[in-house]
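Visitor: Residues -28 to -1, 1 to 208 in mature numbering (1 follows the signal peptide of the UniProt record, and there is no 0) are what the sequence shown lists, from first letter to last.
Virtual Cβ for every residue (Gly too), placed ideally from N, Cα, C.
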Amino acid sequence: MKRGTKIFYYNVALLMLVLLLVGCSDSADEEADAGTNEDVSASEPVKETDEAKENNQVEENSKNGEPSAESEETIRNDSIETPSEETSNEESTIATGNEEEDSLSTYSSEEIEYARVWLQLGPNQEIDELNVLHIPAGEPLNPDDNTDVKYPEDVIQLSGSRLVDGSVTYSGNGDGTINIYNVPLRWYGGFSPPDDLDKNDVIAEMENIIENTELVYIEPGMDEEVIDLIELLNIH
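Dropping the structure here:
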């Protein structure tokens, strides 16, 4: 074989070898790309599976009555108290009540008590003055009589300036109630007892007054009316 022919075949064989190597390299790259795409595709179902698990967990919590994160946030927001219209009205009512109490703050509790008792129990509200007489325990029910029936406790006698105004004799209990003694302002109408009056009957009547006092709760009354009576007080 001639030398030129050998060189030609040698070059052809070399060219085929190069083409073969290039073809193998391209195949390897394609396989690598395919493997990468397969890995990416394989990872997507995993992500979808995690989201599906979260959704399933939310559904299970809802079935079991367990609040979700959004529900818990809503509950926290709902739990924050805001002043309602009713609360505002209550505060206004309380403030008004305090203002009414302040109108009596310049007077003593005793003065307020005298006025409230007369306002509720006084026989005549059209009086010129309200007299207050403190009677200590041991004093006779009728100071103009020598009977032995005496008050068992300290009492207060309220009266107007006239006999027709009447009177209220009572003892306070310190809890808004009083014990009323049904004692007249003037025994026998301010006159001397009748000559034929049986003293034992008088004693029995007085003892009945002592033993059967009336328990009465005193209402607060209107402040303006209470103040008007306080201004008429004449304390002895």
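With 16 other CB atoms within 10 Å as the buried threshold, where does Leu132 fall?
Guide: The residue labelled residue 132 in the question sits at position 160 within the sequence shown. Reading the sequence as shown, one finds Gly at residue 132 and not Leu. With 16 or more other Cβ atoms within 10 Å, it is buried.
Visitor: Pairing CB atoms from the stretch 112 to 122 with CB atoms from the stretch 88 to 100, are three or more of them under 8 Å?
Guide: Too few Cβ pairs lie closer than 8 Å, so no.
Visitor: Residue range of the beta strand (DSSP E) that Ile190 falls in?
Guide: In the sequence shown, residue 190 corresponds to position 218, counting from 1. Per DSSP, Ile190 belongs to no beta strand (DSSP E) and is neither H nor E.
Visitor: Assess, as a yes-or-no matter, whether the stretch 152 to 163 is touched by the stretch 125 to 142 under the definition of 3 or more beta carbon pairs within less than 8 Å.
Guide: Cβ pair count under 8 Å is three or more, so yes.
Visitor: By Cβ distance, which residues of its chain are closer than 6 Å to Val174, with the 5 residues on each side in sequence left out?
Guide: For the purposes of this step, residue 174 is identified with residue 202 of the sequence shown, where counting begins at 1. Contacts found: none.
Visitor: Only counting the same chain, and skipping five residues up and downstream in sequence, which positions put a Cβ closer than 7 Å to that of Gly144?
Guide: As a first step, residue 144 must be located in the sequence shown, where it is residue number 172. The answer, listed in chain order, is Glu85, Ile150.
Visitor: From Asn180 to Asp120, what does the alpha carbon distance come to, in whole angstroms?
Guide: Translated into positions along the sequence shown, residue 180 becomes position 208. Translated into positions along the sequence shown, residue 120 becomes position 148. When rounded, the distance between both Cα atoms is 13 Å.
Visitor: Are Tyr142 and Ile182 closer than 9 Å when you measure CB to CB?
Guide: On the sequence shown, position 170 is the one that residue 142 refers to. On the sequence shown, position 210 is the one that residue 182 refers to. No; because the gap between Cβ atoms is not below 9 Å, this pair is not in contact.
Visitor: Using only CA atoms, which one of His208, Asn206, Ile207, Glu197 lies nearest to Leu76?
Guide: Counting from one through the sequence shown, the residue named residue 76 turns up at place 104. Measuring from the Cα of Leu76, the nearest candidate turns out to be Glu197.
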